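This note's numbering applies: residue -12 is where the sequence shown begins, and numbers increase by one.
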Amino acid sequence: MRAPDSPEARSVIANASLSTERSIAIVGAGPGGLAAALLLAASGLQVTIYEAHDRVGGRTRRLSQDGFHWDCGPTFFMMPYVLEEIVRATGHSLHDHAELARLDPMYRLLHGQRGAPAVQIDATQDVARMVQQFESRRAGDGVAFRRFLDDNRAKLAAMTPILEAPMRGLYDLLTLDAIKVAPKIKPWQSLHTHLGEYFQDPLVRLSLCFQSKYLGMSPFECPSLFSILPFIEYEYGIWHPTGGCNALMQAMGDIARSMGVRIHTSSPVERLTFDGRTVRGVMIDGIEHRHGQVIVNADATWAMKNLIPAELRRRDQQDAVLDAKRYSCSTVMMYLGLDGTVDLPHHTIYTSETYTENLKDIAERGCWSEDPSIYACNPSRIDPTLAPDGSSSLYVLLPSTNNKAGHCTVDWNAMRPKLRADALHQLEHRLGIPDVARRIKTERLVTPIDWEAERINHGATFNLAHNLGQMLHRRPQHRLPGFDGLWLVGGGTHPGSGLPVIFLSSQITSRMLCEELGAPFAMDRMSARPAARELALA
């Protein structure tokens, strides 16, 4: 038995009894890591998760302070059937472990207007109501909305085989007949331009393309194939899990533990260990934990730069190449505990009255906007578990430039007082929360440098950008090229960022790993899949 690679490390080999090819280590208990753990354990493999934080969830974990609780990251839960299917493969039901509430309205949009009140649009699955709202903006746009839904229903059906399959190269695209569906999904066209084929009113178009923020991109550069994002909202709804999206992570962790998965929290992985280019395990506190396979659920480019020795990486995996890639925007966050109730829907999104300039500040100029867009989540409206009686937990997000050197011009530490003041100003004057500053009982401010300190490359909270040059087979692959036994899962690989597609990423990686080890994949043993709507309402 060899000593660990580092001469300073103690010659202790942990998990020696599990040092077999069928022993899987997962670095990170985020949504992708937890979902992969469920599927692999259900497929008969031994799984151990190592999580840096003191609880599961990764960026989807719970934050708590002074009796208030917030989701750290994602707050929109969409396409619940994807997670329901993963949990069903383990022999459990998600609805035995989590309570879901469908939101109506799904969210409120407030489109800022110079010298005039903001234009309000309440997004709902009631198509007739949406037709009425859009038709009131411009004759014909309401009718066009029905056509938009029909077209994107077909588009999603055409894209689903691509979203659910590994992308290792052009061969996979050709095998999936991706070239044949290209005219339907129009990947060469921007989302904003594509919506112009349906809608004449600019605010109607904005109501159906702001969702590109889920990808950390501007709708003017986001490929048009992502018109499926607003369609998914209107087709399958937006849901609130009681306790927040973090409650889903806790439920997944509980199920995983019940299946024998070992979850070690407060266990940040320092590096991966190798025999040549074959992964051997993970190093934590100078102790090597040996495993036959390692799945990395950390930020993909951060992990390559920090967990894998540079001398082992291929040329396209070196720091300079990784840093030259395009990255998503970041976010400035405020987690507020407020006295009293807040008269806002569950989700409210204000788009800057200078929206195009706001996007340029983020993506091109690398600076802070004077009228930043802002999103507020007010879950205490329907969920009393998140704040003390008579109080509200408010989650506040302002999209910002990331912290990439040579791009970002903001000194985030020096700007903290202004960031706080701007966020509170937008809450009071754009979202209409009176006296918000005086009602604060507790607060936490997070900037892109804080995100970067959480092992997120450049603080880009939505991972690599989703431009055409970084999609499909051009995204980091599920099996990291050049290595044996090393896998990726999460928003940095195909299909991309966002909870539903991260869960799809976990399915792809888990299936590939099972195929390599000759283990029967749990999802292949399931009975016929129920309809998506039946699953969501189970």
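The beta-carbon is built from N, C-alpha and C at its ideal position, and this holds for glycine as well.
For clarity, every value in this text was computed on a predicted model and none was experimentally measured.
Residue range of the beta strand (DSSP E) that residue i falls in?
| i | result |
| --- | --- |
| residue 386 | 378 to 387 |
| residue 314 | Taken as a continuous stretch (DSSP letters only), residue 314 belongs to no beta strand (DSSP E), as it is neither H nor E. |
| residue 416 | Per DSSP, residue 416 belongs to no beta strand (DSSP E); it is in the alpha helix (DSSP H), 399 to 416. |
| residue 251 | 249 to 251 |
| residue 363 | 361 to 364 |
Starting from residue i, follow the alpha helix (DSSP H) in both directions and report where the run begins and ends.
| i | result |
| --- | --- |
| residue 117 | 114 to 124 |
| residue 228 | Per DSSP, residue 228 belongs to no alpha helix (DSSP H); it is in the beta strand (DSSP E), 225 to 228. |
| residue 289 | 287 to 294 |
| residue 149 | 128 to 150 |
| residue 79 | Unbroken run through residue 79: none, as it is neither H nor E. |
| residue 488 | 486 to 504 |
| residue 87 | Here residue 87 belongs to no alpha helix (DSSP H); instead the beta strand (DSSP E) covers 87 to 89. |
| residue 526 | Past the edges of the chain, shown from -12 to 525, lies residue 526, and the structure says nothing about it. |
| residue 192 | 189 to 194 |
Assuming residue i contacts residue j (C-beta within less than 8 angstroms), just tell me the rounded distance between them.
| i | j | result |
| --- | --- | --- |
| residue 77 | residue 440 | The pair is not a contact, with the Cβ atoms about 34 angstroms apart (cut-off 8 angstroms). |
| residue 361 | residue 385 | 5 angstroms |
| residue 481 | residue 204 | No, residue 481 and residue 204 are not in contact; Cβ-Cβ is about 16 angstroms, not under 8 angstroms. |
| residue 222 | residue 140 | 7 angstroms |
| residue 94 | residue 412 | Incorrect: roughly 21 angstroms between the Cβ atoms, too far for contact. |
| residue 11 | residue 32 | 5 angstroms |
| residue 526 | residue 389 | Outside the modelled stretch of the chain, which goes from -12 to 525, sits residue 526, for which no answer is possible. |
| residue 407 | residue 432 | 6 angstroms |
| residue 239 | residue 21 | 4 angstroms |
| residue 450 | residue 479 | 5 angstroms |
| residue 332 | residue 92 | 6 angstroms |
| residue 196 | residue 182 | 6 angstroms |
Closest to residue i by C-alpha separation, out of the options, would be which residue?
| i | options | result |
| --- | --- | --- |
| residue 301 | 285, 264, 281 | 264 |
| residue 194 | 387, 111, 10 | 111 |
| residue 374 | 287, 29, 49 | 49 |
| residue 258 | 31, 28, 37 | 37 |
| residue 442 | 121, 202, 291 | 291 |
| residue 462 | 157, 135, 46 | 157 |
| residue 224 | 344, 89, 272 | 89 |
| residue 228 | 340, 388, 448, 81 | 81 |
| residue 483 | 422, 433, 284 | 284 |
| residue 353 | 244, 476, 396 | 396 |
| residue 65 | 487, 12, 494, 400 | 487 |
| residue 401 | 355, 391, 426, 109 | 355 |
| residue 100 | 417, 134, 197, 168 | 417 |
| residue 281 | 491, 69, 465, 489 | 465 |
| residue 262 | 241, 295, 62, 244 | 295 |
| residue 460 | 159, 216, 387, 344 | 159 |
| residue 286 | 79, 211, 454, 438 | 438 |
| residue 134 | 117, 436, 256 | 117 |
| residue 320 | 115, 304, 410 | 410 |
| residue 330 | 312, 399, 444, 367 | 367 |
Could you tell me if residue i is buried or exposed, where buried requires 16 or more neighbouring beta carbons within 10 angstroms of its beta carbon?
| i | result |
| --- | --- |
| residue 85 | buried |
| residue 507 | exposed |
| residue 237 | buried |
| residue 98 | buried |
| residue 511 | exposed |
| residue 171 | exposed |
| residue 130 | exposed |
| residue -12 | The predicted position of residue -12 is uncertain, since its pLDDT is 33 and thus under 50; no value can be drawn from it. |
| residue 377 | exposed |
| residue 200 | buried |
| residue 369 | exposed |
| residue 47 | buried |
| residue 514 | exposed |
| residue 414 | buried |
| residue 142 | buried |
| residue 404 | exposed |
| residue 119 | exposed |
| residue 254 | buried |
| residue 103 | exposed |
Quick one: what's residue i bridged to in DSSP?
| i | result |
| --- | --- |
| residue 105 | BP columns for residue 105 are empty, so no partner. |
| residue 356 | According to DSSP, which records beta bridges pairwise, residue 356 is partnered with nothing at all. |
| residue 58 | 49 |
| residue 211 | Answer by DSSP bridge pairing: none, since residue 211 is not bridged. |
| residue 432 | 321 |
| residue 268 | 260, 277 |
| residue 338 | 98 |
| residue 474 | 282, 466 |
| residue 65 | 225 |
| residue 14 | 37, 283 |
| residue 177 | 210 |
| residue 427 | 325 |
| residue 528 | The requested residue 528 does not occur in the structure, where the chain is confined to residues -12 to 525. |
| residue 110 | 94 |
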